[in-house]
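Visitor:
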Amino acid sequence: MHKMMVLAKAASGRTEELARWYDEQHMKDLLAVPGFVSAERHNVIPVKRADGIPEWDFMLVYEIAGDDPFTVLRTMGGLMGTEKMPVSDALESSQTLSLVGLSQSRQEKAA
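As structure tokens, then:
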């Protein structure tokens, strides 16, 4: 299972609107794309900040199944901004950071 993490910033004064869009629209649209299996939205609480880094409002974590997450991401990219996956203008897209983690190993705490 691969992970995609997105750090997102809302336009000034539109944090609640962006949260609603993620919860009510975007995560559902994304989960309709074959390969995406889960979506979570978290509020960002900075622990340590570097100069020049945006003050992100949300961290989104998506799980992607399969051997090739980039095929899934290309499908998603083709849908972004269409009626199947509209993008909210409450999102400061120039302040967004997206990362993909390719699964290498996993350990779980013993029960």
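Using full-length UniProt numbering, the first residue of the sequence shown is number 1, and each one after it goes up by one.
No residue lacks a Cβ here, since even glycine has one placed at the ideal position from N, Cα and C.
Can you give, in chain order, each stretch of the alpha helix (DSSP H) that sits fully within the stretch 24-56 and has at least 4 residues?
Guide: Qualifying alpha helix (DSSP H) stretches, in chain order: 27-31.
Visitor: Where does residue 65 sit, in a helix, a strand or coil, going by DSSP?
Guide: Coil.
Visitor: Do you know how far the Cα of residue 23 is from the Cα of residue 38?
Guide: C-alpha separation (whole angstroms): 12 Å.
Visitor: Between residue 68 and the rest of its own chain, which residues show a CB-CB distance below 6 Å, the 5 nearest in sequence each way excluded?
Guide: Taken in chain order, the list of residues that qualify is empty.
Visitor: Which residues in the same chain as residue 15 place their Cβ atom closer than 7 Å to its Cβ, once the five residues preceding and following it in sequence are excluded?
Guide: So the list reads 57, once near-sequence residues are dropped.
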